[in-house]
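Residue numbers (my numbering), protein chains in the order written: chain E, 1 to 207; chain S, 1001 to 1096. One structure is given below, encoded as structure tokens.
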């Protein structure tokens, strides 16, 4: 059950990441890593397009205690009809920056990147921020998630997360078939992926 | 900007998590694995993940595996190893 409007879910993390097949392994790494840390990933998957979408994205950010903004895809997107940079991630980061500045006790954002010092060039307004560098690797994402979110008890290890990642990866075809999804970047597949990750994380603590 | 935060919120249970991500109870059940465990009495309990009570207790492992498959045809049940073999020890679940 989603919380009432205006309330912040204390363990929810808004994921601002690219939704494309080339990012699939890191997308899964974020979900598995966050779930292992006892957090709840949220995404804009399933939000309708058109008018109102922006408001819904903003309220999703406002409802999450944390947000993660992966700026590793700052290159040009050559998918026809136009070759353009992708502005969605920096734009949503801007929304989160504003929300955090206005409500520092309610929101904390993290910027993730694949390459060190690139954000300083691509988005120099954020020079006060040290992005977390995952190097475009699954283990890198998990390592940086563990650096960002620290639990005093039950802090998972990267090998535990990696094991869960492997097990969930084996079930991807089934998850997609059950959801009737063409891609993992669909709302139902996302929900199932989150839950599968939780089940696998739970199994790690059982065996 | 914080580069690290201390998370103090409790880790949600499986059911709380499922509810929070918007999964129906039926969908949660279909994604949860079913376990077959040997009881000290020598019979076999069929149990869902995170449940206190067994869904069923059957005299043989074979019957328990069949029952586990009935309970969740969507997912391969996990079976408690009752023998040490070269493929795994007793502390590892096996698939039938």
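Here a beta-carbon is modelled for each residue, glycine too, at the ideal position from N, C-alpha and C. From a predicted model like this one, the values you see are computed outputs, not experimental measurements.
Please return the same chain residues whose Cβ sits closer than 6 Å to the Cβ of residue i, not counting the five positions on each side in sequence.
i	result
residue 207 of chain E	Caution applies to residue 207 of chain E, whose pLDDT of 44 falls short of 50 and renders its modelled position unreliable; the value that the coordinates give is listed next. Nothing meets the Cβ criterion.
residue 167 of chain E	200
residue 197 of chain E	31, 32, 35, 168
residue 19 of chain E	185
residue 1039 of chain S	1045
residue 93 of chain E	69
residue 1059 of chain S	1043
By Cβ distance below 7 Å, which residues in the same chain neighbour residue i in space, the five residues on each side in sequence not counted?
i	result
residue 1 of chain E	Here the model assigns residue 1 of chain E a pLDDT of 46, short of 50, so the residue's position is not dependable and the matter cannot be decided.
residue 43 of chain E	15, 190
residue 12 of chain E	40, 42, 63, 64, 65
Where do the N-terminal and C-terminal ends of the beta strand (DSSP E) with residue i fall, by residue?
i	result
residue 149 of chain E	149-151
residue 12 of chain E	9-16
residue 1006 of chain S	1005-1007
residue 109 of chain E	108-113
Cα-Cα, which of the options is closest to residue i?
i	options	result
residue 1056 of chain S	S/1067, S/1096, S/1062	S/1067
residue 1024 of chain S	E/31, E/123, E/203, E/188	E/188
residue 91 of chain E	E/103, E/78, E/80, E/68	E/68
residue 1051 of chain S	S/1036, S/1003, S/1081	S/1036
residue 25 of chain E	E/204, E/195, E/38, E/165	E/165
residue 1028 of chain S	S/1071, S/1065, S/1042	S/1071
residue 1069 of chain S	S/1095, S/1015, S/1011	S/1095
residue 1081 of chain S	S/1075, S/1044, S/1053	S/1044
residue 110 of chain E	E/139, E/197, E/66, E/41	E/66
residue 1009 of chain S	E/159, E/205, E/153	E/153
residue 161 of chain E	E/176, E/140, E/180	E/140
residue 202 of chain E	S/1011, S/1076, S/1075, S/1004	S/1011
Give me whichever residues DSSP pairs with residue i in a beta bridge.
i	result
residue 1034 of chain S	S/1048
residue 133 of chain E	E/113
residue 1093 of chain S	S/1080
Spatial neighbours of residue i within its chain, please: C-beta separation below 8 Å, excluding the five flanking residues on both sides.
i	result
residue 113 of chain E	70, 71, 72, 119, 131, 132, 133, 134
residue 151 of chain E	37, 38
residue 107 of chain E	8, 61, 62, 64, 65, 66, 67, 96, 99, 100
residue 178 of chain E	192
Between which two residues does the alpha helix (DSSP H) containing residue i stretch?
i	result
residue 1016 of chain S	1014-1021
residue 122 of chain E	118-122
Of all the alpha helix (DSSP H) runs that stay within the bounds of the segment 1052-1084 of chain S, which reach a length of 4 or more residues?
-> 1061-1071
4 or more residues per run - each alpha helix (DSSP H) lying fully within the segment 9-96 of chain E = 24-36, 53-63
Could I get the ranges of all uninterrupted beta strand (DSSP E) runs contained in the segment 142-195 of chain E, with 3 residues as the minimum, in chain order?
-> 149-151
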